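Everything below concerns the one structure shown next.
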Amino acid sequence: MHSEITSLREEAENAIRTVTDARGIDEFRVRFLARKGSIAALFDRLKTAAPEDRPALGKMLNELRSAVQQMLDEKSGAIQAPASGEAAPADLSLPGRRGFIGSKHPLTQTLDEIRAIFVSMGFGVADGPEIEDDYHNFEALNFPPDHPARDMQDTFFLGPRALLRTHTSPVQIRVMEEHQPPLRVIMPGKVYRNEAISARSYCMFHQVEGLCVDRGVTFAELKGTLIEFITRYYGAGLKFRFRPTFFPFTEPSADIYISCFICGGKGCRLCKQSGWLEILGCGMVDPNVFRSVGYDPEVYTGYAFGMGIDRIAMLRHGIDDIRLFFDNDIRFLNQFRQ
Amino acid sequence: MRILERWLKQYGDFSIDPHELAERLTMLGLEFESVQRLDTRYNGFVVGEVLTKEKHPRADRLSVCTVGTGRETLQVVCGAPNVAPGQKVVVGLVGATVPRNQHDPSGAPFVLSRVAIRGVESSGMICSESELDMGKDSAGIMVLDRDAKPGETLASYFGLDDVAFDLEITPNRPDWLSHMGVAREIAVLTGTLPRLPRVKLKESAEPVGKHLSVTVEEGENCPRFAARMIRGVKIGPSPRWLQNALRNAGLRPRNNIVDITNYVMYECGQPLHAFDHALLRGGRIVVRGAKEGTPFTTLDGKEHTLPAGAVMVCDGEREVSIAGIMGGANSEISDATADIVIEAAYWKPSSIRKTAKLLGISTDASQRFERGADPGGVRYALDRTAGLVMELAGGVLLKGVIDVYPRKIRERTVPLRVARVNHVLGTKLKKPEIVRSLGLIGISESGVKGDTVKFRVPTFRVDVEREIDIIEEVARVYGYDRIESGSGATFSFRQPFPAVSREQTLQEAMAGRGYQEAITNSMQQPKKAAMGGATPVRILNPQNQDMAALRTSLVPGLLETAARNHNAGNLTLRLFEIGHVFRIDDGPAPKLVQNYLEEERLCLLLTGSSAPVHWSSPGRDVDLFDMKGDIEFLLAKFALDKSRFISYSTSKGLTDNTLGIEIQGSYAGYLGGISKEVRGLFGLERPVFVAEIGVEGFRRDIRKAYVPLPRYPKVKRDVAFTVDAGIPAASLEATIRESATELLQSVEVFDVYQGEQLPGGKKSVAFTLEFMSLERTLTDAETEAAVGRVVAGVEKAHGAALRSMR
């Protein structure tokens, strides 16, 4: 039996050298250390040994068991973590195991930043359908039928009075139809316009709409809120201006411009030599819009605003072709790791 | 709309630098596309007289001319067929920059130098309209008036000592589509209201009614129709000042009558039309509806089929003009015209817009009428036109005006509450300040009652009807920038909408797992759009057939993306997209718009290597279990324990080896490998795996109660069964769970073996089982009993044999 113990030890030493993976480790354990393994079998036979030999043989067997266990532990340690401890390979300059690095789309990242600012100012987030009806996309927003204002947004039509929404503003209507004031909400999403595709414009893009309705909301507060947003998003030190413009669903309406952050207002290609960049449209919700959702315009006032996420992302990253966003070349997407 | 500085100053002088003017008007709501001096482009261009013309000795189509420019005589090679001695022409001198190169596709400007053309020296260039960027005519050189003086600069000849403002006009302000309209805005800066030129007319004794009658049958669509008649006019080119004014404003001069009507339109915004009286049968004008389908030729020579509802100006027998849009070829002014009828009307905007849209015509006139012309300005424009015609084309004005205007459109009176102004704007304006501001744009106080002031609004301000419209005017004139910004006055803590959406959580999860987010076009080729297995929604007016339908699945868009990336050499891709899919559905599912069903989905795509290259292992390509694992990860992350996979025996839709994904007992999506046929359609050679799953399923609104940590140890047992190779591991697992007592805590497959150590058609599946009691430490006997139940259950249910246990 003494020799069997010795040869089993040799057998184990040989076997452990051929083990290279977890499966081998398991097979090794089953063969030598399991309850029906070779070592257990020898322990079973201890009963049949001469009583005076038993203590010595028992000691040898125990030593064998712990030695084999140690072989196993070292091997499995080496397989699981070759760079750890004494089993480490000599060259620590070799690279570690890196996984793939994922990323959110640059448009999503831009939206995330915008959303975080408005959420911190007490706005919630709502959404709506991309297929809209004429009522929500136009009529309830104070675009009368057969009015030239409808030409401001070239529309893709799907059927009688059904279309792809040309702006996120119909979500304003849906939100107000479902909820009573006070409301503070932003509404991001895809919009579609039948415009020629070029580096500057695509037939599908993204907007964030904003709406705030309560008693006593004023144009002054609209200015305060949006200036706060602009300052947080674009940084302090920029000049901005509010310029009168026309949207059917707000009155008074304004376009907000910031001083060009490339040339500092001196005039460059990005700002078309004007020194200004248009970044936001806004205004006080038109009383007709309130009437269409059953709010009393004498009781409530509110402001709404909207901005193009794609345009903001282009300005922010110096991207000169909007189509890059929708080509999804991973060499492009890879540049926007967070 | 192009506005000229010199033209503007006729209505009220001002001394504001053009760029400053543009800046200040911008802050009043006008949008400037550009501000440019007109003369700077034409340095080095002068009037020349062609003295001689010889054929080029070595080129049939070229001629060699001598041209006198007052100071010198130049030899110029010219390719135009129409060049002739005695002509006054435009000569570009050596060193001048020609605005457009006709021989360059981009038309980039170029500098003239002294050159030899086929051996003949040429010192300058005789220019065409197109080369000067003054018009489209490139067939021949531009011939100037006979009285042009050789040596005179081109800028002086064309009156280019002027500044052009190019404006983008919002649809609410049709009054800005004229010089007078812009001049009225300048009054806000100067404080002086502009004035239109006074018109004094000398009428003859002969009454207009003797030669002309007007009947309006379409009173609803034609609230006002006015006409005058002038006999014995002499048709000819307009004087230079008029031609220059039109040309500088971007219009093409034609003849004196047409030029005058255009000039008056650009002056005060009222479109006008002149008819040849001899061509108006019966001396009659009748305004009536078109008979649908009637053919009609407009004066630009294009033939149209009249739509129902079009309002037409007719004579005694036939249509002569599409009301408010464009005149007809059958009654237009020609060189033979002697007696003319001038029309000035006010048309209902929606009627004009409808007809113009149906016909696909947009003209200077239709643009103004459909936005709203000034019903109160009709008479002035008519008289102004008559005055200019007599001044420039002679003729005798018949006595009287025909003015069919049964219901006078009066100036509106709009009440304004001073408190409401401040309530909306957040200002502290007082009444006098408001009245003064509005006065600057011609809106005047007409009465007061308590806090309410009544304002009279001129008829050209079609956009000002309500109190809020007046408030906007106050804000505009007062200055948006002067309104002090406030903050948080109405802050409310109520918030029915969440701050973080499910989409965001999914985006974070997938980006964290090494996926890159893609955003693809929802509009697709109908064939691809239908690949989702539903009838796609068609776009009625698509840009092209590649974008003529809406996607019913996110998979085709990501496959296109994968193909594009493969072509660019990006072979390993881990992409996800979250987006809407659309279909027509007449079933009971709830919809927001008609029968359009819209659903938000998450789509994953895997292809290429399973991990970045690493020295420790040869690496492998992704397979179905990578995709399944990522879905399992998502389900686990959202704690959707009641979810399972359903194996489809046949291939389904786009994928082979398809697994359905069920969440809480309802179908949520699927995963699989893209079939070879589908890969072929997208030009994808390598295996691609996808999953598409409804975002709706990722709901996690149940907050789970905390489970106390176990106080007793777990016992682990491994069991391996030999079973028929066709039995799915998931069925074995299900049997294990069913057979076990509540002591069983977890089951995981840790090995699957099929090979020489087993008989053919058999496989071995090994499970790790964990047992635990919440009340006590399990004894060996208890554990053995628990394992025994499991083994017996599996053996019985699947004809399995226990291969090993430890």
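The listed protein sequences correspond, in order, to chains A and B.
Residue numbers for the first sequence follow my numbering, beginning at 1 and rising by one.
Residue numbers for the second sequence follow my numbering, beginning at 1001 and rising by one.
Ideal Cβ placement from N, Cα and C applies to all residues, glycine included.
On a predicted model such as this, the values are computed, not experimentally measured, just so you know.
* Asked: Got a sec? Which residues, its chain only, sit under 7 Å from Arg-1502/B by beta carbon, not counting five neighbours each side?
  -> Around Arg-1502/B, the same chain offers Val-1695 and Phe-1698 as residues with beta carbons nearer than 7 Å, after the five sequence neighbours per side are excluded.
* Asked: Do the CB positions of Ile-1126/B and Val-1089/B come within less than 9 Å of each other?
  -> yes
* To do: Determine whether the Cβ of Glu-1484/B lies closer than 9 Å to any Cβ atom of chain A.
  => Yes - at least one Cβ of chain A is within 9 Å of the one on Glu-1484/B.
* Step through the CB atoms of chain B and report whether any lies within less than 9 Å of the CB of Leu-314/A. => It should be pointed out that residue 314/A corresponds to Met in this sequence rather than to Leu. No, Met-314/A does not count as interfacial toward chain B.
* Which class does Thr-1297/B belong to by DSSP, given the choice of helix, strand or coil? -> Assigned with DSSP and collapsed to three states, Thr-1297/B falls in strand.
* Asked: Going by other Cβ atoms of all chains shown within 10 Å of its Cβ, with 16 needed for buried, is Tyr-1667/B buried or exposed?
  -> exposed
* Can you find at least 3 beta carbon pairs, one from the region 1721-1739 of chain B and one from the region 1761-1774 of chain B, that sit closer than 8 Å? -> yes
* Asked: Residues in its own chain within less than 7 Å of Leu-1279/B by CB, not counting five upstream and five downstream?
  -> Cβ within range, chain order: Asn-1330 and Ser-1331.
* First and last residue of the uninterrupted alpha helix (DSSP H) at Cys-1268/B -> 1256-1268
* Cβ pair Leu-1093/B, Leu-1112/B closer than 9 Å -> yes
* Asked: With burial defined as no fewer than 16 other Cβ atoms inside 10 Å of the residue's Cβ, what is the status of Gly-85/A: buried or exposed?
  -> Any reading at Gly-85/A needs caution, since the residue's pLDDT is 49, under 50, leaving its predicted position unreliable; the model's value is listed next. Gly-85/A should be labelled exposed.
* Terminal residues of the continuous alpha helix (DSSP H) containing Thr-168/A? -> Run containing Thr-168/A: none; DSSP gives neither H nor E here.
* What residues of chain B sit near Ala-34/A, judged by a beta carbon separation below 7 Å? -> The answer, in chain order, is Arg-1806.
* To do: Count the CB pairs spanning the region 1512-1520 of chain B and the region 1441-1455 of chain B that are closer than 8 Å, and state whether there are at least three.
  => no
* To do: Could you have a look at Ala-304/A and say whether DSSP puts it in helix, strand or coil?
  => strand
* To do: Ignore the nearest five residues each way along the sequence and tell me which others in Arg-161/A's own chain have a CB closer than 8 Å to its CB.
  => Asp-133, Asp-134 and Tyr-135
* To do: Answer with buried or exposed for Ser-1731/B, where buried requires no fewer than 16 other C-beta atoms within 10 angstroms of its C-beta.
  => exposed
* **Nearest-angstrom beta carbon gap, Ser-201/A and Glu-209/A [assumed within contact, 8 Å]** => Wrong, their Cβ atoms sit about 19 Å apart, outside the cutoff.
* Asked: Cα separation between Gln-1075/B and Val-1115/B?
  -> 11 Å
* Asked: Going by other Cβ atoms of all chains shown within 10 Å of its Cβ, with 16 needed for buried, is Phe-143/A buried or exposed?
  -> Within 10 angstroms of the beta-carbon of Phe-143/A lie 16 or more other beta-carbons, which makes it buried.
* To do: Measure the beta-carbon distance from Val-1790/B to Val-1719/B and round it to whole angstroms, keeping in mind my assumption that it falls under 8 Å.
  => 7 Å
* Asked: If you check the beta carbons only, do Val-1622/B and Leu-1606/B fall under 9 Å apart?
  -> yes
* **His-105/A in three-state terms, based on DSSP** => Coil, per DSSP.
* Asked: Taking the alpha carbon of Cys-282/A as the point to measure from, which residue in Trp-276/A, Asn-288/A, Tyr-257/A and Ile-262/A has its own alpha carbon closest?
  -> Closest in C-alpha terms to Cys-282/A, from the list Trp-276/A, Asn-288/A, Tyr-257/A and Ile-262/A, comes Tyr-257/A.
* **Short CB-CB distance (under 9 Å) between Asp-1469/B and chain A** => yes
* Asked: So is Glu-1517/B in contact with chain A if we call contact Cβ pairs under 9 Å?
  -> yes
* Using the Cα positions of Ala-1797/B and Met-1531/B, report the straight-line distance between them to the nearest angstrom. => Distance from the CA atom of Ala-1797/B to the CA atom of Met-1531/B, rounded to whole angstroms, is 41 Å.
* Return the residue from the list Pro-1375/B, Ala-1164/B and Thr-1459/B that minimises the CA-CA distance to Phe-1225/B. => Considering only alpha carbons, the answer is Pro-1375/B.
* Note down the Cα distance separating Ser-1485/B from Glu-221/A, rounded to an integer number of angstroms. => 6 Å
* To do: Ignore the nearest five residues each way along the sequence and tell me which others in Leu-107/A's own chain have a CB closer than 8 Å to its CB.
  => His-206, Ile-309, Asp-310, Ala-313 and Phe-325
* Asked: Taking the C-alpha atoms as reference points, what is the distance between Met-1805/B and Arg-1717/B?
  -> 7 Å
* What are the start and end residues of the beta strand (DSSP E) that includes Asn-1229/B? -> Rather than Asn, the amino acid found at residue 1229/B in this sequence is Met. Element bounds for Met-1229/B: 1224-1231.
* Asked: When you check each C-beta in the region 271-293 of chain A against every C-beta of chain C, which residues fall closer than 8 Å?
  -> Chain labels in this structure do not include chain C; the protein chains are A and B.
* Secondary structure of Phe-326/A, DSSP reduced to three states -> helix
* **Glu-1770/B Cβ short of 8 Å to the ligand MN heavy atom set** => Ligands displayed in this structure: none; no statement on the ligand MN is therefore possible.
* To do: Note down the Cα distance separating Pro-148/A from Leu-1635/B, rounded to an integer number of angstroms.
  => 50 Å
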